[in-house]
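Have a look at the structure below, then the notes.
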Amino acid sequence: MLIDVAAAGVCGTELHFLDGLLTPARTPITLGHEVAGVVAEVGEAVEDLAVGDRVAVHYLHACGRCRWCRVGDDHLCDAPLGFLAFATDGGFAEQIVVPASATVPVPHGLDLASAAALCCSGTTALHAVDVAGVAAGAAAVVYGTGGVGLALVQVLREAGARPIAVARNPERLALARELGAETTVNAATEDVAAVIREATGGAGADVVFELVGTRETSAAALASLGKRGTLVYVGYSFDRVEIDPLSLVVPEQRIVTSVGNRRSELVDALDLAARGRLVTRVTEHPLSDAGRVLDDLRAGRVVGRAVLMP
Ligand SMILES: [Zn+2]
Ligand SMILES: [Zn+2]
1 MLIDVAAAGV CGTELHFLDG LLTPARTPIT LGHEVAGVVA EVGEAVEDLA VGDRVAVHYL
61 HACGRCRWCR VGDDHLCDAP LGFLAFATDG GFAEQIVVPA SATVPVPHGL DLASAAALCC
121 SGTTALHAVD VAGVAAGAAA VVYGTGGVGL ALVQVLREAG ARPIAVARNP ERLALARELG
181 AETTVNAATE DVAAVIREAT GGAGADVVFE LVGTRETSAA ALASLGKRGT LVYVGYSFDR
241 VEIDPLSLVV PEQRIVTSVG NRRSELVDAL DLAARGRLVT RVTEHPLSDA GRVLDDLRAG
301 RVVGRAVLMP
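The opening position of the sequence shown corresponds to residue 1 in the UniProt record's numbering, with each subsequent residue numbered one higher.
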């Protein structure tokens, strides 16, 4: 299916490619794995979508047949038909060709720029909360308030948890509070673990979502965790992290990981957003400004999600 790209989100993963932390299957390759647009052409076998329909694209075009796809974990697909920016060209372009099965209709009332940003931020947040198994009332730390972090705050709120947002940028922390964070911690000026212990009556957090993944943030995340607490790695960096098994064993803590998201989570994220339950702060930029936007993202100057519009 040929899609006229309306918007493509600029994600931290883009920087991981540019820095060499992630290596695409081939180069050159077009970046951009958060894509929404309008159907321009459909193949003969496509029955449920027509030219002019508004769609969001799931980044991983799953095979639908492997053991993972069969149980709905299509984000772990063994034989993907496509994988935007990793193996096939992404959405920093005017048009993109994807299998119709990778697209999800965008509900009425939701703009395509927000839909694009939700393809990774909202969806990844939904997946991470599912992996962590967050209970109502849980003290849940969101360590990092980029696009995924701000979505996580809202998804946790929906789940009845008590979100605590940690970041170094006061503007982002203010936005996190506006979107539902009960407590915010400025990692540049405050002792993260001490503030979280105090905010939880000394118990520590039930779950910490690690969206940064450096040695420093990992240490603070572990020090913030309470008994039976779960540390969820979503973010990563070049850093290696030292783990002291004893300090995990005694309080029965867990470390789990969450990668990407299922196609069904894109359906859910778009639905939540269309109902006003998941807000994405989007700033729109022309595609030709991609270099500058990436510089802004690296410098921590982007608040919410930047999207490129061809
Ligand atoms: Zn992304
Ligand atoms: Zn598969």
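Ideal Cβ positions, reconstructed from N, Cα and C, are used throughout, including at glycine.
Reference residue i, options the options, closest by Cα
i: D289; options: L2, M1, G9; result: G9
i: T283; options: G276, L81, V303; result: V303
i: E44; options: A203, A100, A138; result: A100
i: T88; options: D130, D296, V38, P28; result: P28
i: A102; options: P80, G32, G109; result: P80
i: C11; options: D239, A299, S121, R254; result: S121
i: V129; options: A25, N261, V279; result: N261
i: G213; options: I196, V232, Y236, A203; result: Y236
i: G160; options: E34, A299, R275, A181; result: A181
i: I255; options: L231, E47, L246; result: L231
i: R301; options: G201, E34, R168; result: R168
i: S247; options: A223, R26, L297; result: A223
i: G146; options: G72, A135, V131, R172; result: R172
i: Q253; options: L266, G226, E265, V185; result: G226
i: E265; options: L118, G32, L297; result: L118
i: V38; options: V51, G32, L31, T30; result: V51
i: E34; options: P251, G90, W68, L110; result: G90
Beta-carbon proximity list for residue i, same chain, < 7 Å, skipping 5 on both sides
i: Q95; result: L2, I3, D4, V5, A40
i: V106; result: A36, R54, V55, A56, L112, A115, L270
i: A199; result: I164, T183
i: G133; result: none
i: Y143; result: V166, V208, F209, E210, L211, V212, T217, A221
i: A203; result: G226
i: C66; result: C77, D78, A79
i: V98; result: M1, I3, V57, H61, G82
i: R298; result: L15
DSSP bridge partner residues for residue i (one or two, in chain order)
i: A140; result: P163, V207
i: A306; result: V10, T283
i: N186; result: A167
i: T103; result: V57
i: D74; result: DSSP, once it has assigned bridges, lists no residue as partnering D74.
i: E178; result: BP columns for E178 are empty, so no partner.
i: F83; result: L60
i: T230; result: V207, R254
i: I96; result: I3
i: T88; result: L84
i: E41; result: L2
Distance CB(residue i)-CB(residue j) smaller than 9 Å
i: V234; j: T257; result: yes
i: A193; j: G229; result: no
i: residue 312; j: A93; result: A query on residue 312 cannot be resolved here, the shown segment of the chain reaching from 1 to 310 and no further.
i: V208; j: A187; result: no
i: V249; j: A219; result: no
i: R162; j: A138; result: yes
i: H75; j: A62; result: yes
i: R263; j: T280; result: no
i: D78; j: F238; result: no
i: V141; j: T124; result: no
i: residue 337; j: V42; result: There is no way to answer for residue 337, as the model of the chain reaches only from 1 to 310.
i: residue 316; j: L22; result: It is not possible to answer for residue 316, since the shown part of the chain is limited to 1 through 310.
Residues near residue i in its chain [Cβ-Cβ closer than 6 Å; skip 5 each side]
i: F83; result: L60
i: V293; result: V10, H285, A306
Spatial neighbours of residue i in its chain, beta-carbon cut-off 8 Å, leaving aside the 5 residues before and after
i: H108; result: A274
i: R277; result: Q154, E158
Original post:
Hey, is the region 171-182 in contact with the region 146-153, meaning 3+ C-beta pairs nearer than 8 Å?
Top reply: yes
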